[in-house]
Amino acid sequence: MLDPSADQIRDWSNSVIELMAGYLGDLRDRRVYRHMSSREIRDALDSALPTKGIDFDGLLKVFRDTIIPFSRQNAHPRMFGYVQSPGTPLAAFADLLASVLNANLTVWRSAPAPVELERLTIDWIRQILGFNAGAGGLFVSGGSIANFAAIAAARQAKDYLSGRLRIYASSETHFSIAKAAALLGIGRENVRLVAVDERFRMRLDDLVAKITADLEAGYVPFCVVANAGTVNTGAVDPLAEIREVANRFQLWMHVDGSYGAFAVLAKSARKLFTGIDQADSIALDPHKWLYLPVDVGCVIYREPGIARAAFAHEAEYTRIISEEADEAFAFWDYGPELSRRFRALKVWMLLKGVGLDRLGEAIESNLACARHLESMVRGSDDFEMVAPVELSIFCFRHVPVQLKNESPEAIDAFNERLLVALQRDGSSYLSNATLAGRFALRGCVLNYRTTLRDMEILLDDLRRVARSLPTST
Ligand SMILES: Cc1ncc(COP(=O)(O)O)c(C=O)c1O
Numbered sequence: 018m019l020d021p022s023a024d025q026i027r028d029w030s031n032s033v034i035e036l037m038a039g040y041l042g043d044l045r046d047r048r049v050y051r052h053m054s055s056r057e058i059r060d061a062l063d064s065a066l067p068t069k070g071i072d073f074d075g076l077l078k079v080f081r082d083t084i085i086p087f088s089r090q091n092a093h094p095r096m097f098g099y100v101q102s103p104g105t106p107l108a109a110f111a112d113l114l115a116s117v118l119n120a121n122l123t124v125w126r127s128a129p130a131p132v133e134l135e136r137l138t139i140d141w142i143r144q145i146l147g148f149n150a151g152a153g154g155l156f157v158s159g160g161s162i163a164n165f166a167a168i169a170a171a172r173q174a175k176d177y178l179s180g181r182l183r184i185y186a187s188s189e190t191h192f193s194i195a196k197a198a199a200l201l202g203i204g205r206e207n208v209r210l211v212a213v214d215e216r217f218r219m220r221l222d223d224l225v226a227k228i229t230a231d232l233e234a235g236y237v238p239f240c241v242v243a244n245a246g247t248v249n250t251g252a253v254d255p256l257a258e259i260r261e262v263a264n265r266f267q268l269w270m271h272v273d274g275s276y277g278a279f280a281v282l283a284k285s286a287r288k289l290f291t292g293i294d295q296a297d298s299i300a301l302d303p304h305k306w307l308y309l310p311v312d313v314g315c316v317i318y319r320e321p322g323i324a325r326a327a328f329a330h331e332a333e334y335t336r337i338i339s340e341e342a343d344e345a346f347a348f349w350d351y352g353p354e355l356s357r358r359f360r361a362l363k364v365w366m367l368l369k370g371v372g373l374d375r376l377g378e379a380i381e382s383n384l385a386c387a388r389h390l391e392s393m394v395r396g397s398d399d400f401e402m403v404a405p406v407e408l409s410i411f412c413f414r415h416v417p418v419q420l421k422n423e424s425p426e427a428i429d430a431f432n433e434r435l436l437v438a439l440q441r442d443g444s445s446y447l448s449n450a451t452l453a454g455r456f457a458l459r460g461c462v463l464n465y466r467t468t469l470r471d472m473e474i475l476l477d478d479l480r481r482v483a484r485s486l487p488t489s490t
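Residue numbers (this note's numbering): 18 to 490.
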């Protein structure tokens, strides 16, 4: 098992490919989710410490009979929860090949061609965003670490020992920003939450007021985080205007585009991102709206030299001896990780194999699905929108006729029960958001398999499941 022959490898791969093709072939007919307990899964797994191994078929059987059925089917076209990509077979093969080569992308000499491929792919992403030619960055595990790396660089750009630092971000900002501030010693309490407008976008008047008040109180404002697609509603903050404020107060402008930034590839959304190319840094996740399997996030810095000042670390065991500048390149100088998997392969295979035109079409179709849902909800008398659709996220609630005159709390409680019942039903899957104190059903279309018809099925599923629920507890 440890060192299979070429024939054994062929045998194994035939079984795996058969399983993969079968799984993806009938995905639409599966339930997205089923109710399950931790105990049920543990009971199904052989927990004995394995002193002797078993054969490959035995391992695959556990995957097929236990792991698949006791998983949420994230590639299902009606998996609308959170910000979940479906993955794609091309990337599954890329992940396999990356593990076969087992390249470790620390420095150029450790993995020359993989490092060049990452630099090339990062440069394509830079071009997609319209950043200046000198900008650069790297792949990381996801948006949270990309945000962390960017805030570390932002701090480096300021004389950060001169006083208590402050970051500004809208109240809709993902929690990874506060977490980064905590981990970097800036402190969660120094992330100032800026108020949002009726479309959940950062309010510039409140941003300026907060910065001004902090300056007067002796704090050191150093960074503003703008959202290019908030996690709750998909709101895109006014990027060009935030850049102006950042310039006025000499702040680093970071854009969290983890969910939304790849929507620049869709013509109908492009205008929302005006000014994105002027950011000092951006986080964006190929494992979200480029449909790739986890884990691959990305951070791009306008001036990579500043990130280098934040991350570079000299140690004798990593000293690069007698190399030219290009070949002395080290990713560890630009981010928090040392050993790094060959994440670039799946991004490269996707961009090169599928092409930007087709990816733009797929994103456009996701946007159309969310807009279709919004127009059906607005045209119905038993659903209502809780936030406008900006990208592919939709927040709404079910208000059947018998609940029309009930209190907002009763409608919240009903929708909470409805969400749990929908998830257990398994035909469609939503998650939730709290917006202006009200509970919302929340969905995000992030799958090239999802069609307009799936959005209609979602509403039918909700009506069907709601009929089986009592309207009050
Ligand atoms: C806007 C935003 N930022 C950051 C993140 C964190 O990304 P990750 O889960 O890849 O760490 C998310 C995750 O959904 C997100 O939506």
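A virtual CB, placed ideally from N, CA and C, is assigned to each residue, including glycine. Small disclaimer: the values here were computed from a predicted structure and weren't measured.
### Task
Taking only the alpha-carbon atoms, compute the straight-line gap between residue 485 and residue 98 and give it to the nearest angstrom.
C-alpha of residue 485 to C-alpha of residue 98: approximately 22 Å in a straight line.
### Task
Would you decide whether residue 230 is buried or exposed? Buried here means 16 or more other CB atoms lie within 10 Å of its CB.
It is exposed - the Cβ of residue 230 has fewer than 16 other Cβ atoms within 10 Å.
#### Entry: Residue from 428, 233, 380, 52 whose Cα sits closest to the Cα of residue 89
It is 52.
### Message
Measuring only the C-alpha atoms, how far is residue 109 from residue 79?
### Response
Distance between the alpha carbons of residue 109 and residue 79 is about 19 Å.
### Task
To the nearest angstrom, report how far apart residue 225 and residue 119 are at their CA atoms.
Residue 225 and residue 119 have their C-alpha atoms some 49 Å from each other.
### Task
Along the alpha helix (DSSP H) that carries residue 247, what are the first and last residues, could you check?
First-last for residue 247: undefined, no H or E at that position.
### Query
For residue 271, which beta-bridge partners are listed by DSSP?
Its beta-bridge partners are 242, 298.
### Task
Measure the C-alpha to C-alpha separation of residue 114 and residue 141 and round it to an integer number of angstroms.
Distance between the alpha carbons of residue 114 and residue 141 is about 22 Å.
#### Entry: Cβ neighbour criterion (16 or more within 10 Å) applied to residue 215
Of the other Cβ atoms in all chains shown, fewer than 16 fall within 10 Å of the Cβ of residue 215; this residue is therefore exposed.
### Message
Could you compute how far the alpha carbon of residue 432 sits from the alpha carbon of residue 330?
### Response
Residue 432 and residue 330: Cα-Cα distance of roughly 51 Å.
### Task
Can you give me the start and stop residues for the beta strand (DSSP E) that residue 448 sits inside?
Segment 448-452, the beta strand (DSSP E) holding residue 448.
### Rounded separation between residue 408 and residue 269 - CA only
Each residue's CA atom was taken as its position, placing residue 408 and residue 269 some 26 Å apart.
### Message
For a test of the three-state rule: what should DSSP assign to residue 100, helix, strand or coil?
### Response
In this structure, DSSP gives residue 100 a state outside helix and strand, which the three-state scheme calls coil.
### Task
Determine the direct distance from the alpha carbon of residue 428 to that of residue 122, and round the result to whole angstroms.
Answer to the nearest angstrom: the Cα atoms are 52 Å apart.
### Pairwise C-alpha distance: residue 399 and residue 56
Linking residue 56 to residue 399 through their CA atoms gives a straight-line distance of about 38 Å.
### Task
Give the range of the alpha helix (DSSP H) segment to which residue 381 is assigned.
It spans 373-395 - the alpha helix (DSSP H) in which residue 381 sits, taken as one unbroken run.
### Message
I'd like the list of long-range same chain contacts for residue 28, defined as Cβ closer than 8 Å, with 5 residues on each side in sequence excluded.
### Response
Excluding positions up to five away in sequence, the list reads 73.
### Task
Can you tell me which of the three DSSP states residue 212 falls into?
Annotated three-state conformation of residue 212 is coil, per DSSP.
### Query
Taking the continuous beta strand (DSSP E) assigned at residue 460, which residues delimit it?
Start and end: 455-461.
### Query
What's the gap between the Cα of residue 135 and the Cα of residue 281?
Straight-line Cα distance between these residues: approximately 21 Å.
### Message
Let's see if you can read the secondary structure: which residues bound the alpha helix (DSSP H) around residue 117?
### Response
106-118 is the extent of the alpha helix (DSSP H) around residue 117.
### Task
Have a look at 206, 313, 321, 164 and flag the residue whose alpha-carbon is nearest the alpha-carbon of residue 243.
Of the candidates 206, 313, 321, 164, the one whose C-alpha sits nearest the C-alpha of residue 243 is 164.
### Task
Please determine, among 284, 255, 241, 248, the residue with the shortest C-alpha to C-alpha distance to residue 271.
Its Cα nearest to that of residue 271, the residue 241 stands out among 284, 255, 241, 248.
### Query
When the Cβ atoms of the region 192-199 are set against those of the region 147-165, are three or more pairs found closer than 8 Å?
Segments in contact, yes.
### Query
Taking 7 Å as the line, does the beta carbon of residue 99 fall inside it for any heavy atom of ligand 1?
Yes, ligand 1 has a heavy atom inside 7 Å of this Cβ.
### Message
Below 7 Å, is the gap between the Cβ of residue 247 and the nearest heavy atom of ligand 1?
### Response
Yes, since a heavy atom of ligand 1 falls inside the 7 Å radius drawn around the Cβ of residue 247.
### Message
Just to confirm the assignment, what range does the alpha helix (DSSP H) spanning residue 430 have?
### Response
Judged by DSSP secondary structure, residue 430 falls within the alpha helix (DSSP H) whose first and last residues are 425-442.
### Message
Assess contact between the region 196-215 and the region 282-294, defined as three or more Cβ pairs (one per stretch) separated by less than 8 Å. Is contact present?
### Response
With contact defined as three or more Cβ pairs closer than 8 Å, the region 196-215 and the region 282-294 are not in contact.
### Query
Just checking, does the region 448-463 make contact with the region 375-388 on the three C-beta pairs under 8 Å criterion?
Taking a contact to require three or more Cβ pairs closer than 8 Å, the region 448-463 and the region 375-388 qualify as touching.
### Query
Using a Cβ-Cβ cut-off of 8 Å (strictly less than) and excluding sequence neighbours within five positions of residue 172, which residues of its own chain qualify?
Cβ neighbours of residue 172 beyond the five flanking positions: 182, 201, 203, 239, 240, 327.
### Task
Alpha carbon to alpha carbon, how far is residue 220 from residue 228? Give it in angstroms, no decimals.
Whole-angstrom Cα-Cα distance: 13 Å.
### Query
Would you report the Cα separation of residue 351 and residue 318, rounded to the nearest angstrom?
Cα-Cα distance, rounded: 9 Å.
### Message
Just to confirm the assignment, what range does the alpha helix (DSSP H) spanning residue 76 have?
### Response
73-79 is the span of the alpha helix (DSSP H), which, as asked, contains residue 76.
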